[in-house]
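Input: a single structure, listed below in structure tokens.
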Amino acid sequence: MHYSDGNFYGMHFIWWLFWIAVVVWFIVAISRKKPETKRETPLEILQKRYANGEISREEYEATKKDLLK
Numbered sequence: 060m061h062y063s064d065g066n067f068y069g070m071h072f073i074w075w076l077f078w079i080a081v082v083v084w085f086i087v088a089i090s091r092k093k094p095e096t097k098r099e100t101p102l103e104i105l106q107k108r109y110a111n112g113e114i115s116r117e118e119y120e121a122t123k124k125d126l127l128k
């Protein structure tokens, strides 16, 4: 006869919970999308500089003309 005090069965349950948690964590980590970094175009940067008053209208128009060639 095999007599057990039941500790093995408790550990078996804990190991199942552990592996389920590992699998769930892995799926969540893989499925999580990385934030996309949007790079500003040169024209957007130019528009911001003009809006902030960093460049004059003439500089804006000349640079815009060069960018859109």
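This note's numbering numbers the first residue of the sequence shown as 60 and each following residue consecutively. Positions of the beta carbon are idealized from the N, C-alpha and C atoms, including for glycine. Every value quoted in this text rests on a predicted model; they were computed, and no experiment measured them.
Query	Result
Ala110 to Ile89 span [Cα, whole Å]	41 Å
Proximity below 8 Å, CB of Leu102 to CB of Lys123	yes
Simplified DSSP assignment, three categories, for Ser90	helix
Distance CB(Leu126)-CB(Leu105) smaller than 8 Å	yes
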